[in-house]
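Here is the structure we will look at.
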Amino acid sequence: MALLTNGRIVIVSVATFLIVLICFVSLRGDSVESIRHLKDHAQNAAQNAAENFCAPDTKPDFAKPTVSDTIYRLFDVIRHPITAKKYVDLDGNEFEVKGSTWEKSLGSEILILDIDTRLPDGENEIFNEKHLNWKTMDKGGLGMVSAAFMNHYLYSQIHGYDYKFFHASHMEDMHDTWVKPHVVQEMLHSYKFVVFIDADATITHLEVPMEWMFNRWNITENTSIALPIDTEQILNGDKNASHDSKGNMELNTGVIIAQALPYTFEMLTAWKTCPTERRYEGCGQWKNNWSHEQRAFSEYIRYDFNENNNIVEIPCDEAMGYPGIGDKSWILSDCKGQFVRHHTVDKGFTKASSGDAMVQAFADIMQTTLVKNQQRVRIDEGGFTKGFMDKFKNDS
Numbered sequence: 001m002a003l004l005t006n007g008r009i010v011i012v013s014v015a016t017f018l019i020v021l022i023c024f025v026s027l028r029g030d031s032v033e034s035i036r037h038l039k040d041h042a043q044n045a046a047q048n049a050a051e052n053f054c055a056p057d058t059k060p061d062f063a064k065p066t067v068s069d070t071i072y073r074l075f076d077v078i079r080h081p082i083t084a085k086k087y088v089d090l091d092g093n094e095f096e097v098k099g100s101t102w103e104k105s106l107g108s109e110i111l112i113l114d115i116d117t118r119l120p121d122g123e124n125e126i127f128n129e130k131h132l133n134w135k136t137m138d139k140g141g142l143g144m145v146s147a148a149f150m151n152h153y154l155y156s157q158i159h160g161y162d163y164k165f166f167h168a169s170h171m172e173d174m175h176d177t178w179v180k181p182h183v184v185q186e187m188l189h190s191y192k193f194v195v196f197i198d199a200d201a202t203i204t205h206l207e208v209p210m211e212w213m214f215n216r217w218n219i220t221e222n223t224s225i226a227l228p229i230d231t232e233q234i235l236n237g238d239k240n241a242s243h244d245s246k247g248n249m250e251l252n253t254g255v256i257i258a259q260a261l262p263y264t265f266e267m268l269t270a271w272k273t274c275p276t277e278r279r280y281e282g283c284g285q286w287k288n289n290w291s292h293e294q295r296a297f298s299e300y301i302r303y304d305f306n307e308n309n310n311i312v313e314i315p316c317d318e319a320m321g322y323p324g325i326g327d328k329s330w331i332l333s334d335c336k337g338q339f340v341r342h343h344t345v346d347k348g349f350t351k352a353s354s355g356d357a358m359v360q361a362f363a364d365i366m367q368t369t370l371v372k373n374q375q376r377v378r379i380d381e382g383g384f385t386k387g388f389m390d391k392f393k394n395d396s
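What follows is the structure, encoded as structure tokens:
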């Protein structure tokens, strides 16, 4: 049901006041003339209040739509239904959903989270107050970070999710990426789901809700954590560089989906304290050795905390890689990032992927709106236009 406008609030309030006033006076036994006098006085007061209340320069702040409200409503025309059985991309690829654990939007119960020790507030960067020039914005470094943050933030606003950028401090004697399990655990106390996305990763289809992807990836009410399977690659001649000691493909921490369950918090505690070796002997080597917290999770946590399928492995093709990564000779798995593109190798592509996703989303809105309203905005030559068009042609 639509919210009451300012004018309707005033009208309802006045009507209610008059009814209560008449009942009160009647109970007192006052004359009809007294009632009429009080009613006229109340109407005049209400009219003055309404004029002041609705005056443009005195319009209350709560009546103004926020940027978040505006973005959310703007994307109503193209937002993909959460319960849709499939999604078809621009290339005609179909992605089906088998289950439907999530049928309604979780809204602000989902947090889209960026974590970085870098702060993009320099010249032509997202947190700088000066006007940003997208065309000249750097493709790498903090320009890349800025582009990814814009993509993540817009996505959160389209679907009514919360968004936070956690500017982290450097960790002593540990690689900076170890901050991920610490921050995810801390933020998870305030949300049902925390969805972390790396600064070199972008949402491919902004109109697709996270709940739909949860259904696609079989993330249920019992899922603690979901991560994508890593791209398989050869590093320094090592064909097993992407595998753990058991020969299984690593899980990549460029996307972390965590659900606020007691078991999840236990898992995150074990993960973030892994390098102390109080629980996992040998984990200390991953403090600074590649692939840091990612290897620690794949080597220890996923085997210690997955008794009841609490950890979901997202297909590599859907949340890792990007178009063209498979062309490189040392990349063995051609993952295209169908829903999340992770530019692990060509980080400079992040800006283009972010821009493409945002422009495509707005192009979809414009096309959908114009097609829907074409009878009002389109004029076909002929019919009632024939006369003046013929005159125009003859005159020219």
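Using UniProt numbering, the first residue of the sequence shown is number 1, and each one after it goes up by one. Built from N, CA and C at the ideal position, the CB exists for glycine as well.
Beta-bridge partners of residue i, as assigned by DSSP
i: G321; result: K336 and H342
i: I314; result: P228
i: A258; result: V194 and I225
i: Y163; result: I112
i: residue 406; result: The shown model of the chain, from 1 to 396, leaves out residue 406, and the question about it has no answer.
i: K86; result: E96
i: A201; result: H342
i: I331; result: Q233
i: H243; result: M249
i: D238; result: L235
Of the listed residues the options, nearest to residue i (C-alpha basis)
i: I256; options: I301, I110, V194 and A199; result: V194
i: Y300; options: C316, S329, E313 and M267; result: M267
i: P209; options: V377, F339 and T369; result: F339
i: T117; options: H243, L142 and Y87; result: L142
i: T344; options: D356, I325 and M358; result: I325
i: K328; options: P315, D346 and K130; result: D346
i: K351; options: A147, M358 and L188; result: A147
i: Q157; options: L113, D173 and G122; result: L113
i: A247; options: R295, F214, T264 and L227; result: Inspection of the sequence shows that residue 247 is occupied by Gly rather than by Ala. Ranking the options by Cα distance to G247, first place goes to R295.
i: P228; options: G284, L206 and K336; result: K336
i: K86; options: M137, F75 and G99; result: G99
i: G355; options: D138, L188, N218 and N289; result: D138
i: P315; options: Q375, M249, E129 and Q367; result: M249
i: T220; options: E313, T136, P120 and G92; result: E313
i: H80; options: N306, S108, H205 and L90; result: H205
i: G160; options: N289, R376, Y72 and P323; result: Y72
i: S68; options: D173, P120 and S108; result: S108
CB of residue i within 8 Å of CB of residue j, strictly
i: I126; j: M144; result: no
i: H342; j: D200; result: yes
i: F297; j: R216; result: no
i: D287; j: Q185; result: A small fix is needed here, since residue 287 is Lys in this sequence, not Asp. No, the pair does not count as a contact, with Cβ atoms beyond the cut-off.
i: T202; j: G321; result: no
i: I115; j: E211; result: no
i: D162; j: I197; result: no
i: P181; j: E293; result: yes
i: C361; j: E207; result: Here residue 361 turns out to be Ala, not Cys, going by the sequence shown. Going by C-beta atoms, A361 is nearer than 8 Å to E207.
i: N310; j: N373; result: no
i: M174; j: P275; result: yes
i: F75; j: I331; result: no
Min CB distance residue i to chain B below 8 Å
i: F214; result: Structure shown: chain B not included; a single protein chain is present.
Runs of alpha helix (DSSP H) lying entirely within the segment 133-161, each at least 4 residues, in chain order: 141-159
Validate contact between the segment 168-181 and the segment 90-107 using beta carbons, cut 8 Å, 3 pairs: no
Contact between the segment 262-278 and the segment 235-242 (3+ Cβ pairs under 8 Å): no
Cβ pair count under 8 Å reaching 3, the segment 221-235 against the segment 272-286: no
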